[in-house]
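*Asks:*
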Amino acid sequence: MYKSKHVLPIVIIGIVVAALTAAQALLIDWLPPAASEQAGRTFTLLWVLFWCSAVFFVIVTSVLIYSIWKFRAAPDDLEDGPPIHGNTMLEVVWTAVPSLLLVAVAVYGYIVLSNNEAVAAGSLKVDVYAEQFAWTFGYPDAGIQTGTLMLPVNRQVELNMRSRDVIHDLWVPQFGVKGDAVPGIDNVIRITPTQVGTYPIVCNELCGVGHSVMRAKVNVVPQAQFDAWLAKSKGQIAAATVSAAANAKAGGAPGDVAAGKTIFQTTCTGCHAGLGTQAGGVGPKLQGMPGLTQEKVTTQITNGGGPMPGGLVSGKDMADVTAYVMSLQK
Ligand code: HEC
Ligand SMILES: [Cu+2]
Numbered sequence: 090m091y092k093s094k095h096v097l098p099i100v101i102i103g104i105v106v107a108a109l110t111a112a113q114a115l116l117i118d119w120l121p122p123a124a125s126e127q128a129g130r131t132f133t134l135l136w137v138l139f140w141c142s143a144v145f146f147v148i149v150t151s152v153l154i155y156s157i158w159k160f161r162a163a164p165d166d167l168e169d170g171p172p173i174h175g176n177t178m179l180e181v182v183w184t185a186v187p188s189l190l191l192v193a194v195a196v197y198g199y200i201v202l203s204n205n206e207a208v209a210a211g212s213l214k215v216d217v218y219a220e221q222f223a224w225t226f227g228y229p230d231a232g233i234q235t236g237t238l239m240l241p242v243n244r245q246v247e248l249n250m251r252s253r254d255v256i257h258d259l260w261v262p263q264f265g266v267k268g269d270a271v272p273g274i275d276n277v278i279r280i281t282p283t284q285v286g287t288y289p290i291v292c293n294e295l296c297g298v299g300h301s302v303m304r305a306k307v308n309v310v311p312q313a314q315f316d317a318w319l320a321k322s323k324g325q326i327a328a329a330t331v332s333a334a335a336n337a338k339a340g341g342a343p344g345d346v347a348a349g350k351t352i353f354q355t356t357c358t359g360c361h362a363g364l365g366t367q368a369g370g371v372g373p374k375l376q377g378m379p380g381l382t383q384e385k386v387t388t389q390i391t392n393g394g395g396p397m398p399g400g401l402v403s404g405k406d407m408a409d410v411t412a413y414v415m416s417l418q419k
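Structural data, given as structure tokens:
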């Protein structure tokens, strides 16, 4: 008799709470589509955890709402409640069930982590250089560098994370993996892309004024297309080296405009939009800037100024990027 009086209203409240909980879980697009093996496992783990929590959330919240409504003390009721002894059975159950669940979740989480970090045979090595406020990617086996990460699909990539200044964090939401780039520490993360496509690379660690523009892209392509891209990039580097040498021989400008454009793309476009030809970035439009001399450009690059940090590039890179900026003035 005691039971039947309370069960029905609690169940009705429970159905409402469950519907609201399920609606916000299902109707909102919480996660992007998984585009890597790691993301598949991580996202599944996340949803398992969520639905387990949701069950207990609904039970606890329903009883709570019912109790607040039904057992509220009358405004003039100042006495202590009746003394009651606990319910041993209930206490054993509410200790044992969460303990078992915690162990199960820990084991499941461990399995996901060790699978996600497992080293696959024949993985591709890529060096990631993070700096305020740009990403550069190096392919040590091919000897090339790029500002857009190119990855073959269905092959594990080993990203060796390095920072040239402060702590940054590489995050591709669709890959479900994040990795810190910490000065002085080589940190490795492994990702196996499973879907061809283009995804954003986001810096996920507040790293300075340009943090919000510290973005790049990753292109996941079929292996054959990746090989073709590698071969083409190697060829371009060889050609650029030859033309720079020829240029130097002919006593031409010390910097190579084409090489400078590539450096500008990776290091400067984060702030100077459209390769320096557009306004609207953190930094000004550089094309047709009145009174900009070669000397001013090198001074700005060396010392920085305003939100622009100094020392982003030096040596031959500086000569090349200066040549590129000056080529915009013609
Ligand atoms: C963090 C954002 C940021 C990055 C990265 C950046 N700049 Fe700048 N840059 C600026 C800002 C902001 C200014 C305006 C500075 C000022 O107002 O003092 C500026 C100004 C300049 C100027 C104009 C200097 C003058 O005399 O007015 C040049 C040239 C320039 N940047 C070149 C570059 C080059 C080349 C790179 C890449 C190596 C680069 N910038 C990277 C933000 C940036
Ligand atoms: Cu950053």
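Take our numbering: the final residue in the sequence shown is number 419, and no numbers are missing along the way. Every residue, glycine too, gets a C-beta built ideally from N, C-alpha and C. Since we're looking at a predicted model, the values are computed, not measured.
State the CB to CB distance for the pair Val414 and Gly365, rounded to an integer number of angstroms; the pair is presumed to be in contact (CB under 8 Å).
*Replies:* Their Cβ separation, rounded to whole angstroms, is 6 Å, which keeps Val414 and Gly365 in contact under 8 Å.
*Asks:* Are the beta-carbon atoms belonging to Gly236 and Gln113 less than 7 Å from one another?
*Replies:* Not closer than 7 Å, so no.
*Asks:* List the DSSP bridge partners of Glu126.
*Replies:* Paired residue(s): none; Glu126 is not in a bridge.
*Asks:* Would you mind stating whether Gln245 and Ser212 have Cβ atoms separated by less than 7 Å?
*Replies:* Against a cut-off of 7 Å, the Cβ pair of Ser212 and Gln245 comes out as a contact.
*Asks:* State the CB to CB distance for the pair Val298 and Pro396, rounded to an integer number of angstroms; the pair is presumed to be in contact (CB under 8 Å).
*Replies:* Right, their Cβ atoms sit about 4 Å apart.
*Asks:* Do Asp275 and Asn249 count as a contact pair if the criterion is CB distance below 7 Å?
*Replies:* The answer is yes: Cβ separation under 7 Å.
*Asks:* Reducing DSSP to helix, strand and coil, say where Ile99 ends up.
*Replies:* Note: Ile99 maps to helix in three-state DSSP.
*Asks:* Report the three-state DSSP secondary structure of Leu238 (helix, strand or coil).
*Replies:* Residue state, collapsed to three classes: strand.
*Asks:* Should His257 be counted as a contact of ligand 2 given a C-beta to heavy atom distance under 6 Å?
*Replies:* Result yes, Cβ under 6 Å from ligand 2.
*Asks:* Below 6 Å, is the gap between the Cβ of Val186 and the nearest heavy atom of ligand 1?
*Replies:* Val186 Cβ: outside cutoff for every heavy atom of ligand 1.
*Asks:* Any heavy atom of ligand 2 closer than 6 Å to the CB of Met397?
*Replies:* No, the Cβ of Met397 stays beyond 6 Å of every heavy atom of ligand 2.
*Asks:* Going along the chain, which residues of its own chain have a beta-carbon closer than 6 Å to the beta-carbon of Val266, five neighbours each way excluded?
*Replies:* Excluding residues within five positions, the ones whose Cβ falls inside 6 Å are Gln127, Ile278 and Ile280.
*Asks:* Once the 5 residues before and after Ala339 are set aside, which same chain residues still bring their CB inside 8 Å of it?
*Replies:* With a pLDDT of 46 at Ala339, under the threshold of 50, the modelled position of this residue cannot be trusted, and the question is left open.
*Asks:* Determine the closest residue to Ile256 out of Ser188, Trp224 and Ala219, with distance taken between C-alpha atoms.
*Replies:* Minimum Cα distance to Ile256 is reached at Ala219.
*Asks:* Could you pull out every unbroken alpha helix (DSSP H) segment of at least 4 residues lying fully inside the region 142 to 193, listed in chain order?
*Replies:* Complete alpha helix (DSSP H) runs here, min 4: none at all.
*Asks:* By how many angstroms is the C-alpha of Ala195 removed from the C-alpha of Met239?
*Replies:* Those two C-alpha atoms are separated by around 35 Å.
*Asks:* Using C-beta distances below 8 Å, list every residue in its chain close to Ile99, excluding the 5 sequence neighbours before and after it, in chain order.
*Replies:* Ser151, Val152 and Tyr155.
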